[in-house]
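In our numbering, the protein residues as written are 2 to 188. Yeah, the Cβ is synthetic: ideal placement off N, Cα and C, and Gly gets one too. Worksheet: the structure to be examined is printed underneath.
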């Protein structure tokens with residue numbers, strides 16, 4: 002079965018271009034999400050993945066409809082391949098059911114792996130350079146001086162029970178509940 006997946010980022014965006022492309026090639030069933038590509042939770046894509054069976058073809062209008070990063074897209078298509086599901090992108094003319102489509106996808110995979118390796122090398126070189134200059138990086142250990150100074154006031158506000166935790170955090174510009182409770186428990 003040929004199954005389509007269409008996605009737009011916002012509810013007011015139009016799906017017509019994607020749906021028209023699917024209709025031209027005879028898509029049998031279409032799943033639609035109206036959610037940002039950055040969001041990891043795509044409910045209709047999850048339903049589609051539950052619906053598909055070995056031998057089916059998942060079709061998208063463009064690659065960016067299922068993945069924002071090359072690595073994420075490769076992981077997604079690899080998982081489909083392991084389940085015996087083909088992947089097709091109309092705009093990029095990729096179809097993993099053919100030998101040429103698999104080759105193109107494998108080239109993408111190799112390029113993404115190379116990109117990841119270069120990034121790792123660059124990061125390690127930067128860390129080494131920083132260490133040689135006496136910088137260790139990472140978050141500072143322990144409570145900052147700012148929070149140490151305001152700790153008695155924060156504790157007093159908390160113990161008075163006049164304000165909620167959120168109100169105290171806002172008043173003292175404390176960014177997270179974890180930090181708040183560290184301040185409260187500071188000795």
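Provide the residue(s) that pair with residue 48 in DSSP beta bridges, ordered along the chain. Paired residues: none, contrary to the question.
Applying the criterion that 16 or more other CB atoms from any shown protein chain within 10 Å of the CB defines a buried residue, is residue 53 buried or exposed? Residue 53 counts as buried, since at least 16 other C-beta atoms from the protein chains shown sit within 10 angstroms of its C-beta.
Label residue 90 either buried or exposed according to how many other C-beta atoms from any shown protein chain fall within 10 Å of its C-beta, with 16 as the threshold for buried. buried
Measure the CB-CB distance between residue 36 and residue 43 and report whether it falls below 7 Å. In contact: residue 36 and residue 43 (Cβ atoms closer than 7 Å).
Classify residue 58 as buried or exposed, calling it buried when 16 or more other Cβ atoms lie within 10 Å of its own Cβ. buried
Looking only at its own chain, which residues have a Cβ that is under 8 Å from the Cβ of residue 27, when we skip the five neighbours before and after it? 3
Could you check the C-alpha separation between residue 117 and residue 181 for me, to the nearest Å? 37 Å
Are residue 6 and residue 49 closer than 7 Å when you measure CB to CB? yes
In angstroms with no decimal places, state the Cα-to-Cα distance between residue 66 and residue 86. 17 Å
Got a sec, what are the start and stop residues for the beta strand (DSSP E) residue 90 sits in? 87-90
Hey, could you find the ends of the beta strand (DSSP E) residue 31 is sitting in? Residue 31 -> beta strand (DSSP E) spans 30-35.
On the three-state DSSP scale, how would you describe residue 175? coil
Would you be able to state if there are at least three C-beta pairs under 8 Å between the region 107-115 and the region 128-147? Cβ pair count under 8 Å is below three, so no.
Could you give the DSSP three-state label for residue 59: helix, strand or coil? strand
Opening and closing residue of the alpha helix (DSSP H) in which residue 72 lies: 71-83
Tell me residue 96's beta-bridge partners as DSSP assigns them. 89
By Cβ distance below 7 Å, which residues in the same chain neighbour residue 158 in space, the five residues on each side in sequence not counted? 164, 169
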